[in-house]
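In the numbering used here, the protein residues as written are 20 to 647. The beta-carbon is built from N, C-alpha and C at its ideal position, and this holds for glycine as well. What you are looking at is a predicted structure, and each value in this text was computed from that prediction instead of being measured. The structure appears below as structure tokens.
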């Protein structure tokens, strides 16, 4: 009875008003529930309405359950392509199972947990395939079924058209399409195409359409994909007052840029768009204390023929003690600065093995740290220069259904970042007598991270239903290793845990990981200035969408999570963690990205922060708070 509810003071999301149409729908749902349990003949034989002594409306129902039925025999007729034993194995129903019509239809036509008979045939070109279950005998508590198959003929793909793209170029869409002219029709390829186009995040997923047009005379089927453009660009403009100074940020990201149209006058509206490239520019400053600038460019199909991506980025930041560069035209001796300059380039490739959800990305990065009397307490030395040259390798598998609100699928990622082992090239050198600036002139380390997210629909029929209640479970771990213990752990690239930290001062490679319910960075060992060498975090969320409109996607959540950090990997213990729980909401606005508001309640005390609040609100920006 999902629609008709009794009046209660605690029921605020569902009215108790009686509506005839909703009552009728609940009667159908009641009968369907019985039939799922094998009560094939269950029915509501009588219902009535009456007034209660309190003056409310009462509902009475009389149900005839009938007997409970089980399957006795299943046989197939009309099958020539696949044997009866193959079909029986795929159907997965056996003698003695409850006779559940809904489950039978799911396994014939739409099984969210695996392949069904309809998919088996339609993936081999049998577009007009039909499976008709017929009860040939019903005796006492047993049912004999005959599944009559009409295979039809195989269809090949004729034309493939795209309609509705007013901004995105045709070739950007067509390179994601997996149904090619001349191939046998495959429903799986059609659905995978829908998923790949959704992952681009250029189109409204609710308006996506697929129109197959059969041509029986020549055995072909034309496929028309219908899309609707949605806003994809993002702008960041924020300002605030804190610590006696103004902090401001300005950034813009174009997610569907077109470098090839840059010299076409008519393309600047306001910038050339449609070729699927990504350009991001961002600046942040609070005056003399901090300025940062970064720019990046991504080409997802380098060369235009294969999905090999190229990403290049450059950045510079200047942090100081707030003193001006010059005083009366002379260099200011009281000024302390740290300038970080960096560049990176990476190449990504999609793999077809072990399956085509895999991708690999390999890159090279360089960072230079110029210290000039910079005594902030964040680093162990204040003068000199450090160089961080590293190779980065990322192997990932991503099969999530949607980038904004995934309903099913998983995302698993292994990241390895490593510098050359400089100290191994100088055997016999005594590093213990050198100061830290000399030891870290060329930083050396190897850094390992593993992150996994799983999404599982919990509500009935949730496989493709964007309104599903979804369970998200996640795990992440990270470790920084060293080639030479005489040199010690790298002062850069460390892990920090606690709260939801929004500062942009993270250009030295540090990983700031969120754990709701605790103060910012409060769970970082040995302290939040030094950073940690090992980290673990895991948890679970229950999500439900309030709106799946692409111009304003909103969903709520309840969460439980836990994590901790250690100074080095030697002290790692996955069961020694700080725990929290709470509730939250997420708002996705195309111009601003994903905004989050959470209330977290900590379950454990932190010895270093005895006055920490038991619960607190957190505001977040970005897709994955707490990612490693």
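Alpha-carbon spacing of residue i relative to residue j, whole angstroms
i           : j           : result
residue 328 : residue 138 : 32 angstroms
residue 605 : residue 42  : 33 angstroms
residue 123 : residue 101 : 19 angstroms
residue 319 : residue 246 : 20 angstroms
residue 36  : residue 70  : 14 angstroms
residue 103 : residue 278 : 56 angstroms
residue 52  : residue 40  : 19 angstroms
residue 503 : residue 405 : 17 angstroms
residue 477 : residue 488 : 5 angstroms
residue 400 : residue 338 : 15 angstroms
residue 294 : residue 430 : 26 angstroms
residue 439 : residue 384 : 12 angstroms
residue 341 : residue 628 : 29 angstroms
residue 567 : residue 198 : 27 angstroms
residue 365 : residue 530 : 19 angstroms
residue 425 : residue 469 : 20 angstroms
residue 437 : residue 410 : 5 angstroms
residue 75  : residue 107 : 53 angstroms
residue 44  : residue 520 : 48 angstroms
residue 510 : residue 463 : 10 angstroms
residue 173 : residue 97  : 15 angstroms
residue 49  : residue 66  : 13 angstroms
residue 635 : residue 486 : 29 angstroms
residue 359 : residue 200 : 52 angstroms
residue 243 : residue 324 : 22 angstroms
residue 361 : residue 333 : 6 angstroms
residue 157 : residue 165 : 12 angstroms
residue 64  : residue 81  : 6 angstroms
Cβ-based neighbour list, residue i, same chain, cut-off 6 angstroms, excluding 5 preceding and 5 following
i           : result
residue 202 : 176
residue 149 : 169
residue 88  : 57, 59, 118, 160, 162
residue 498 : 467, 553, 588
residue 577 : 561, 602
residue 297 : 274, 317
residue 232 : 241
residue 475 : 490
C-beta atoms of residue i and residue j nearer than 8 angstroms
i           : j           : result
residue 181 : residue 192 : yes
residue 147 : residue 171 : yes
residue 515 : residue 532 : yes
residue 301 : residue 255 : yes
residue 357 : residue 312 : no
residue 187 : residue 248 : yes
residue 535 : residue 617 : yes
residue 423 : residue 458 : no
residue 83  : residue 61  : yes
residue 112 : residue 90  : yes
Sheet register partners of residue i (DSSP bridge)
i           : result
residue 576 : 562, 603
residue 358 : 337, 389
residue 100 : Answer is none; residue 100 lacks a bridge partner.
residue 582 : 556, 597
residue 413 : 380, 434
residue 345 : 350
residue 317 : 297, 330
residue 532 : 516
residue 408 : 385
residue 620 : 600, 634
residue 551 : 514
residue 6   : Since the first and last residues shown for the chain are 20 and 647, residue 6 lies out of range.
residue 366 : 329, 381
is_contact[residue i, chain D] using C-beta, thresh 8 angstroms
i          : result
residue 93 : Although the question refers to chain D, the structure presented lacks it and comprises just one protein chain.
Cut-off 8 angstroms between Cβ atoms - residues of its own chain near residue i, not counting five sequence neighbours on either side
i           : result
residue 135 : 109, 125, 126, 127, 128, 129
residue 571 : 606, 607, 608
Contacting residues, own chain, Cβ-Cβ under 7 angstroms from residue i (five flanking each side not counted)
i           : result
residue 184 : 192, 246, 248
residue 584 : 514, 516, 542, 543, 544, 551, 553, 554
residue 418 : 376, 428, 429
residue 493 : 471, 472, 557, 558
residue 222 : 216, 246, 247, 248, 249
residue 218 : 422
residue 652 : In this structure the chain extends from 20 to 647, so residue 652 is not present and cannot be described.
residue 167 : 96, 97, 151, 153
(request) Please go through the region 131 to 190 and give each complete alpha helix (DSSP H) segment of 4 or more residues, from N-terminal end onward. (result) You should have 136 to 141.
(request) Just list the beta strand (DSSP E) runs in the region 238 to 294, keeping only unbroken ones of 3 residues or longer that don't cross its boundaries, in chain order. (result) Along the length of the region 238 to 294, whole beta strand (DSSP E) runs at least 3 residues long occupy 239 to 245, 253 to 261, 264 to 276, reported in chain order.
(request) Scan the region 439 to 510 and note each continuous alpha helix (DSSP H) run of 4 residues or more that stays entirely inside, going in chain order. (result) You should have 455 to 458.
(message) As an exercise, report each continuous beta strand (DSSP E) stretch of at least 3 residues that is fully enclosed by the region 44 to 105, in chain order.
(response) Counting only runs of 3 or more, we get 62 to 70, 76 to 83, 89 to 96.
(request) Please list the segments of the alpha helix (DSSP H) lying wholly inside the region 207 to 235, counting only runs of 4 or more residues, in order along the chain. (result) With a minimum length of 4 residues, no continuous alpha helix (DSSP H) run stays inside the region 207 to 235.
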